[in-house]
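Residue numbers (the working numbering), protein chains in the order written: chain S, 1 to 199; chain U, 200 to 398.
Using N, Cα and C, we set each Cβ at its ideal position, and we do this for glycine too.
Owing to the predicted nature of the structure, the values given are computational and were not obtained by experimental measurement.
Have a look at the structure below before the remarks.
See below:
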């Protein structure tokens, strides 16, 4: 079965998004990352920034979340927590995008959402803490928190979100067709491997 | 850093050993699997069959193990359990093999034992249960137990052994440079990816 769609799950700072963009460019197919966030936002009524921050983060109902609920659409969340509400829309948007044709989808638990389609290649991109810490400081600059603390926080949020919505363990090789370490292989080589596999 | 040594950790029935042998052949470098077992056996005084069965299995002292302890070498096990004794020899043999030059080493927790060498590429080979069940029946024939039960038993033993001696989780992508699913990618493609990476 030819693999037409590629999902890329990634550790924060590993370069997974960059790899996804480069693979999509080389294959000449759409790349969904921000676009995905924007479409979920559009369908949910939430602001894109809110969807981006909460779409892969810890689930659960928070008092604050209601303050950001879509205005003027009473009852639209059907009693769901914000996270569950966003998850449902995210699933539906990702299933629709996959129907449209070949593409690269980064993050958003797309590996799990598309697990039953045989034409999807699932990749997981990771790297060790030093490599990622160096990379996020170069890309996003310093902040009050140490890069290690920022990574640990993001890792934890993605792990908890993934486990909650998929029942799987984050970073378990068995969930993917291929897992790559950008810290030892380099971004270029990872792109080349994925492009060759998809061709 | 050029990767001269390749370790291959694998789920039983995934084709990891076959991949290792093919990669070694294509690169023209030694392949250590049975050879490794034989060298550990030679250094330990145990029979090769005993080393093969116990080298990757559950740790811990058993009464039976003493019945198989090397004869005529009083005190050689220094009060260690058979598994711990074999582990020490296995570590030493693998470190020596790596010193000899480029090679492919299958199993025996070599990924952990050689984790501090920067010239080693660590691969993990897995596949889903159906693929592996079908493969072990074709390769090794039927037995009294169902193929699924045989896989679960082997998986458990390797997982427990790995966790005990390395403190790591079995099948966690972060422990490897690359993880490949032979069930979806096929053995030939996995060989090609690894050969290209090592070249």
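{"Item": "Terminal residues of the alpha helix (DSSP H) in which residue 291(U) lies", "Value": "281–299"}
{"Item": "Same chain, Cβ closer than 8 Å to residue 291(U), five either side skipped, listed in chain order", "Value": "242"}
{"Item": "Buried or exposed by the 16-neighbour rule on C-beta atoms within 10 Å, applied to residue 176(S)", "Value": "buried"}
{"Item": "Chain S contacts from the segment 347–372 of chain U (Cβ-Cβ distance under 9 Å)", "Value": "368, 370, 371 and 372"}
{"Item": "Cβ neighbour criterion (16 or more within 10 Å) applied to residue 278(U)", "Value": "exposed"}
{"Item": "DSSP bridge partner residues for residue 181(S) (one or two, in chain order)", "Value": "126(S)"}
{"Item": "Interface partners of residue 124(S) on chain U, CB under 8 Å", "Value": "372 and 378"}
{"Item": "Alpha carbon of residue 181(S) to alpha carbon of residue 140(S), nearest angstrom", "Value": "21 Å"}
{"Item": "Rounded C-alpha distance that separates residue 390(U) from residue 229(U)", "Value": "16 Å"}
{"Item": "Residues that residue 176(S) contacts on chain U, provided the C-beta gap is smaller than 8 Å", "Value": "372, 378 and 380"}
{"Item": "Proximity below 8 Å, CB of residue 244(U) to CB of residue 331(U)", "Value": "no"}
{"Item": "Residue 384(U), buried or exposed, once every other Cβ within 10 Å from all chains shown has been counted against 16", "Value": "buried"}
{"Item": "Spatial distance of residue 261(U) from residue 250(U) (CA atoms)", "Value": "Any answer about residue 261(U) is weak, because its pLDDT of 47 lies below 50 and its placement is not dependable; what the coordinates show is given next. Straight-line Cα distance between these residues: approximately 15 Å."}
{"Item": "Residue 206(U) vs residue 326(U) beta-carbon contact at 8 Å", "Value": "no"}
{"Item": "Residue environment, residue 156(S), which counts as buried when at least 16 other CB atoms sit within 10 Å", "Value": "exposed"}
{"Item": "Cβ pair residue 142(U), residue 393(U) closer than 8 Å", "Value": "Summary: the structure shown does not reach residue 142(U), with chain U confined to residues 200 through 398, and so no result is reported for it."}
{"Item": "Amino acids of chain S, ordered along the chain, whose beta-carbon sits closer than 8 Å to that of residue 384(U)", "Value": "177, 178 and 197"}
{"Item": "As assigned by DSSP and simplified to three states, the class of residue 138(S)", "Value": "helix"}
{"Item": "Residue 64(S) classed as buried or exposed, judged by whether at least 16 other C-beta atoms fall within 10 angstroms", "Value": "With a pLDDT of 47 at residue 64(S), under the threshold of 50, the modelled position of that residue is not reliable, and the figure given next carries that caveat. By the neighbour-count rule (16 or more Cβ atoms within 10 Å), residue 64(S) is not buried but exposed."}
{"Item": "Three-state class that DSSP yields for residue 16(S) in the structure shown", "Value": "helix"}
{"Item": "Own chain residues within Cβ distance below 6 Å of residue 309(U), not counting five before or after", "Value": "206 and 293"}
{"Item": "Under 8 Å between C-beta atoms of residue 372(U) and residue 107(S)", "Value": "no"}
{"Item": "Nearest candidate by alpha-carbon position, reference residue 179(S), set 2(S), 3(S) and 9(S)", "Value": "9(S)"}
{"Item": "Close-in-space but distant-in-sequence residues of the same chain around residue 348(U) (CB under 7 Å, 5 per side omitted)", "Value": "none"}
{"Item": "Closer than 8 Å to chain U by CB, residue 205(S)", "Value": "Lying outside 1 to 199, the shown extent of chain S, residue 205(S) is not represented and no answer is given."}
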